[in-house]
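Have a look at the structure below, then the notes.
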Amino acid sequence: MTLVSDVLDATGKRVATQRSEQAVPATGMFDYDQTLPEIVRPRLWSPDQPYLYTLLSQLYVDGRLVDRFETPFGIRTVKFTADQGFFLNGKHLYLVGANVHQDQAGWGDGVTDGAARRDVKMVKDAGFNFIRGSHYPHSPAFTKATDELGILFWSEAPFWGIGGFGADGSWLSSAYPPDPADRPAFEASVLQQVEEMVRIHRNRPSVFVWSASNEPFFTKGDAMEAMRDFLKREVAFFHRIDPTRPVAIGGAQRGGIDKLGDVAGYNGDGATLFLDPGVPSVVSEYGSTMVNRPGDYAPGFGLMPDTPDQKDNPRPYAWRYPWRSGEALWCAFDHGSIASIEFGSMGFIDYFRLPKRQYYWYRSTYAGVPPPAWPVDGTPAQLQLSASQTVIHGTQGLDDTQLVVTVQDEHGRALSNSPDVTLTIVSGPGKFPTGRRIAFSNKSLVAIRDGQAAISFRSYYAGESVIEATSPGLKPARITITTTGPDRFVPGQSPLAPDQPVVAYPPFTRIAFPGDPVNVAINRPTASSGAEPGHEGPKANDDQEQTWWKASAKDGSAFWLIHLENVYALHWLALVMPDDQGPDFVVEISKDNTEWQQVGEGKGGRRSYDFALFDKPHAAAFLRIRFPDVTPEHPAALSEVRVIALPEK
């Protein structure tokens, strides 16, 4: 057997070659190493210049070519440091990124390769240089796009936690199995997926770090030590099968896990709590702006501007310390969620892949592209129908096109009015997620908002598809999409896509929360007006009454705030104080961290307080305890905050 390997540059010129001969048994598998000569003066891969080589492998048996394979790859170096940040190809680079879920409206996780590429391009076009693949291995098409378009990719194993307070066996249960009998199979599953992820993506230059987890600290207390031990073994397994890349612990802001890998990824309040942590670090999630399109033309920097030692610093982006490697927005795209629809609406692009105004802020600030003119209220007269491309390449389901319908006045000006709109395939092949027509309404999950609606369209047959957008009383619009390929659509013979219902996600039959309200506050992100050393904000919701938050303010006012990371129907609030010397306080709730509603107040001088909140429809994603009058004799402090609730929806 002869293996001939040629390295080709981007023009197809051979820049290195190697030939080796081996005697191989007729059955079984045979592994050996073939090392090619060094490439002289290689072109390096980077987001600015995503240069790719190709390794052409040709296999001969008795002089006859029996197989060939092409492997695109790039040449680059990466280095994380604890004191100077991140370096790509020996040059410092601050990582500015976004978390990305793959799923899209209507199609769920079954998106095409073309749709994955559009997603990568939208993030790249906004001026970002890296994507965190949250929280599972992404498709090969996704990393092919990050390679070719030039954006670094953080590739993550599917070991994650979402709350840790659901019944065992549910999506919301402990991240790591509380029952020792379940652990061997669980660990084997994680490591199998780690190995598959590494094998699939290991030759991608854009993949610059592996991640072992996201927030695995959402684990039952008696399983925490076993969880930490498994993380150590998982990191070692990564190193063994790929010694060339660092391994991160994503969501490492609780549980003492931030130094178990090569890089710590701090989510939420971790950005303000772990300052100069002594380990290479990234803010792996910030923001969490929960809003429907269009939203505000403003960034979503979350808690980072409240970093204690930078609050009064006039320098832009004062939280970008020399030791910090970068930051990733939560998140790029709205996504399906087992928690709630609201929980999945934190993207700066919506589920249908239409940008919110926050996207345009980032694109203007990072990429220098001015925002478009916003639609205005007016008198609708007509519809406009456009497509990301008018040709779908192939009938194998690997490509599609995004259709966008816009409400306009008689002069062609985009309006914010959102009447019901229907897209219909008038002739030819193809399908929407709901069949040959799809209806948009501002009262539906299939939404039209701010005068626009969008959906991805695909076809499994070749031919021309005429699609019409209609709305009562408005001039309709048509577009023709051509699908190429060998499987021609024959009218009257080829099957038509059947109608399919709109199914709310998640399904109501899912196993999730227990029937009774539970404490949803444990280990959720916090913020405060300030804290004394050793008494930081997370001490008030760590499920341990022997620890407490204590405000740094000696006089004046103080507050403690918790982000529940979902919209909950609140049933009960229980507060435990470290002593009976505390001041008066008020309890406030909010859905957006902007508009606040007072729901309770307490007189100081007690060790515990209980507030019944189920008498009214109190729904909130944020809860704040505010102390208007703090004195040295009556300091603001909290031992434990328990928020008893169920998801609002």
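In case it helps, my numbering puts the sequence shown at residues -19 to 629. Note that the Cβ used here is the ideal one computed from N, Cα and C, for glycine as well.
Under DSSP, the beta-bridge partners assigned to N247 are E265. Residue range E620 to P627 is occupied by the beta strand (DSSP E) that includes P627.
Checking the DSSP bridge columns, you'll see K101 has no partner listed.
Per DSSP, the beta-bridge partners of P335 are I329. Nearest neighbour of T61 by Cα position, chosen from A106, V262 and S26, turns out to be V262. Under a 10 Å Cβ-count criterion, F10 is classified as exposed, with fewer than 16 other Cβ atoms of the shown protein chains found around its own Cβ.
Counting C-beta pairs closer than 8 Å gives fewer than three between the stretch 141 to 155 and the stretch 384 to 397, which falls short of the contact rule.
Shortest Cα-Cα distance from H391 to any of R417, R416, P355 and I418 involves P355. Judged by beta-carbon spacing, V498 lies beyond the 7 Å limit of L555, meaning their Cβ atoms are not closer than that value.
Its chain contains W25, P30, G54, T123, T126, D127, G130, I131, L132 and F133 as the residues whose beta carbon lies nearer than 8 Å to that of S186, once the 5 sequence neighbours on both sides are disregarded; these appear in chain order.
The distance from the Cβ of A457 to that of Q364 is about 6 Å, consistent with a contact at the 8 Å cut-off.
Per DSSP, the continuous alpha helix (DSSP H) segment holding I180 begins and ends at R163 to H181. Taking the CA atoms as reference points, A165 sits about 43 Å from S588. Sequence-distant Cβ neighbours of R234 in its own chain, meaning closer than 6 Å and more than five residues away, are F197 and N503. For I111, the enclosing beta strand (DSSP E) starts and ends at F110 to G113. By the neighbour-count criterion, in which a residue is buried when 16 or more other Cβ atoms sit within 10 angstroms of its Cβ, K411 is buried. The Cβ atoms of T359 and D389 sit closer than 7 Å to each other. In the DSSP assignment, R458 falls within the unbroken beta strand (DSSP E) covering A457 to T463. The Cβ atoms of S537 and G510 lie no closer than 7 Å to each other. The three-state reading of DSSP puts A520 in helix, counting H, G and I together. Assignment of Y548 by DSSP, reduced to helix, strand and coil, places it in the strand class. According to the DSSP assignment, L68 belongs to the beta strand (DSSP E) that extends over G65 to L68.
Taking C-alpha positions only, A617 is separated from W528 by approximately 7 Å. Comparing alpha-carbon positions, the option among K534, G107, Q38 and D380 lying closest to T462 turns out to be D380.
If you draw a straight line from the Cα of K583 to the Cα of D609, it is about 11 Å long.
Secondary-structure assignment with DSSP links H72 through a beta bridge to F67. The C-alpha of P563 is placed about 12 Å away from the C-alpha of K534. For K411, DSSP records a beta bridge to R438. DSSP, reduced to helix, strand and coil, places I569 within a strand of the structure shown.
By the criterion of a C-beta distance shorter than 8 Å, V547 is surrounded in its chain by M270, S320, E322, F323, K571, A599, A600, A601, P627, E628 and K629, once the five residues flanking it on both sides are discounted. In this structure, the CA atom of F210 is about 26 Å from the CA atom of V58. Contact between the stretch 300 to 318 and the stretch 65 to 72 is present, with at least three C-beta pairs closer than 8 Å. Just measuring C-alpha positions, the residue of T92, M102 and A106 sitting nearest H118 is T92. Its Cα nearest to that of N79, the residue K104 stands out among G86, K104 and G70. For L553, the closest alpha carbon among the candidates I372, E581 and W576 is that of E581.
When secondary structure is reduced to three states using DSSP, V215 falls in the helix class.
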